[in-house]
Amino acid sequence: MTASPSSSPDVSPEVSREVSRDLTPDASAGPSHALHSPVIAWFEQHARDLPWRRPEAGPWGVMVSEFMLQQTPVSRVLPVYEQWLARWPRPADLAAEAPGEAVRAWGRLGYPRRALRLHGAAAAITERHGGDVPREHAQLLALPGVGEYTAAAVASFAYGQRHAVLDTNVRRVFARAATGVEYPPNATTAAERRLARELLPGDEATAARWAAASMELGALVCTAKSPDCARCPVAGLCAWRLAGKPAHDGPPRRGQTYAGTDRQVRGKLLAVLREAVGPVPQAVLDTVWNEPVQRARALDGLVSDGLVEPLDGGLYRLPQTRPGA
DNA sequence: GATGCGTGGTC
DNA sequence: TGACCAAGCAT
1 MTASPSSSPD VSPEVSREVS RDLTPDASAG PSHALHSPVI AWFEQHARDL PWRRPEAGPW
61 GVMVSEFMLQ QTPVSRVLPV YEQWLARWPR PADLAAEAPG EAVRAWGRLG YPRRALRLHG
121 AAAAITERHG GDVPREHAQL LALPGVGEYT AAAVASFAYG QRHAVLDTNV RRVFARAATG
181 VEYPPNATTA AERRLARELL PGDEATAARW AAASMELGAL VCTAKSPDCA RCPVAGLCAW
241 RLAGKPAHDG PPRRGQTYAG TDRQVRGKLL AVLREAVGPV PQAVLDTVWN EPVQRARALD
301 GLVSDGLVEP LDGGLYRLPQ TRPGA
């Protein structure tokens with residue numbers, strides 16, 4: 001392994017995140033691996049026809065889909081994605097809107113801060129990159145809402161570059177097929193990043209297909225709950241299966257509590273504001289949750305996150321003004 | 001590194 | 001039926 005995983009140029013000063021998180025190896029040819037051909041061949045046969053995979057989606061379509069797919073299933077993303085791209089076909093179109101419109105159009109996809117960040121990313125793309133989604137991993141990573149995964153995914157899927165794209169699907173496939181355990185650790189480890197780099201095909205175009213193919217395999221066959229090994233193209237090579245599918249051992253995977261949390265209250269408050277045409281009186285918001293302390297905390301949180309804008313007279317609405325404007 | 005952050009489908 | 005799960009990010 002080379003000492004510096006990236007040669008990323010043009011890292012602007014405001015990029016505080018470490019460039020070393022870029023999983024792209026230097027240009028040295030990666031080794032061919034026994035998993036590559038069967039997984040890629042399977043992908044050619046079984047890949048879903050998703051709108052963001054079509055050529056007309058372009059880098060912006062890929063980026064929008066990646067934001068929406070962060071922790072949200074494909075089936076729920078599809079209709080919102082279509083509406084979004086029809087309404088805002090270019091980053092500048094979205095950037096010209098009030099951020100509250102993005103939050104409203106986000107609908108019930110969940111984690112609405114993603115809508116705000118996508119709006120912010122569109123604004124940054126418009127201001128800093130002439131309206132074109134940047135190609136450089138470091139420039140993508142500097143956009144709001146874009147982390148290591150999304151930067152690699154856009155660079156790979158939209159621009160065909162060679163990056164290790166390490167999402168939850170790929171992590172699970174690698175854990176099973178290569179490492180021989182049922183589930184990857186809670187947090188992505190250095191060992192997983194190293195493995196992903198080692199498995200990355202040396203050829204750029206092959207690496208990009210490998211990224212999409214290994215992710216699709218995890219999504220359709222090597223699923224978390226019930227992997228369908230009978231339909232897996234690498235069942236004969238899978239370390240986990242060959243070891244007799246040992247049960248998960250180690251710390252339990254992090255669960256997600258929801259009922260009774262601030263998150264639930266925030267969701268109810270924002271649902272009211274999304275449906276409302278104009279500003280909403282506090283008294284109406286008060287009806288969504290009967291515990292006043294938690295209700296107030298949730299509303300304050302939404303305001304400080306920029307998801308809700310307080311007006312005079314105890315009125316609230318989705319944000320019409322840009323943060324800092 | 002551990003937490004907080006929405007929503008709905010599944011078994 | 002209540003966990004568990006779904007192409008993560010920011011702090």
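For what it's worth, full-length UniProt numbering labels the leading residue of the first sequence as 1, then goes sequentially.
Even for Gly, the Cβ is constructed at its ideal location relative to N, Cα and C.
Asked                                                                                                                   : Found
Inter-residue spacing [alpha-carbon to alpha-carbon] between Gly131 and Val277                                          : 30 Å
Per-residue DSSP class, three states only, for Ser90                                                                    : A small correction: the amino acid at residue 90 is Arg; Ser does not occupy that position in the sequence shown. If DSSP states are grouped into helix, strand and coil, Arg90 belongs with coil.
Touch test, the region 245-258 against the region 269-284, Cβ-Cβ under 8 Å, three pairs minimum                         : no
Host alpha helix (DSSP H) of Tyr316 (start-end)                                                                         : Segment Leu315 to Arg317 is the beta strand (DSSP E) holding Tyr316; no alpha helix (DSSP H) there.
Local Cβ density within 10 Å of Thr150, reported as buried at 16 or more and exposed below that                         : buried
Every unbroken alpha helix (DSSP H) inside the UniProt domain "HhH-GPD" (68-220) [4 residues or more]                   : 74-87, 91-95, 99-106, 113-128, 137-141, 148-153, 168-174, 190-199 and 204-220
Neighbourhood of Ala123 by C-beta distance below 6 Å, restricted to the same chain and skipping five residues each side : Ala95
Straight-line Cα distance separating Trp60 from Ala3                                                                    : At Ala3 the pLDDT is 33, less than 50, meaning the model places this residue with poor confidence; the figure from the coordinates comes in the next sentence. Cα to Cα, Ala3 sits roughly 33 Å from Trp60.
Beta-carbon spacing of Asn186, Gly218 below 8 Å                                                                         : no
Whole-angstrom distance between Ala213 and Asp312, CA atom to CA atom                                                   : 53 Å
Candidates Arg266, Asn290, His248 and Pro292, of which the one nearest Asp305 by Cα                                     : Arg266
Cβ-based neighbour list, Ala243, same chain, cut-off 8 Å, excluding 5 preceding and 5 following                         : Gly180
Delimiting residues of the alpha helix (DSSP H) encompassing Leu307                                                     : First-last for Leu307: undefined, no H or E at that position.
Whole-number beta carbon distance between Met63 and Leu109, since they are thought to touch under 8 Å                   : With a Cβ gap of about 15 Å, Leu109 and Met63 do not count as contacting.
Three-state secondary structure assigned by DSSP to Pro279                                                              : coil
Simplified DSSP state of Ala47, which is helix, strand or coil                                                          : coil
Residue burial classification, Glu127 (beta-carbon count within 10 angstroms, cutoff 16)                                : exposed
Pair within 8 Å by beta-carbon distance, Ala208 and Gly147                                                              : no
Element boundaries [alpha helix (DSSP H), containing Leu242]                                                            : Ala239 to Leu242
Same chain, Cβ closer than 8 Å to Val77, neighbours up to 5 away in sequence not counted                                : Ser65, Met68, Leu69 and Leu109
Leu315 versus Arg104: straight-line alpha-carbon distance, rounded                                                      : 17 Å
Cα-Cα separation between Arg241 and Arg231, rounded to whole angstroms                                                  : 13 Å
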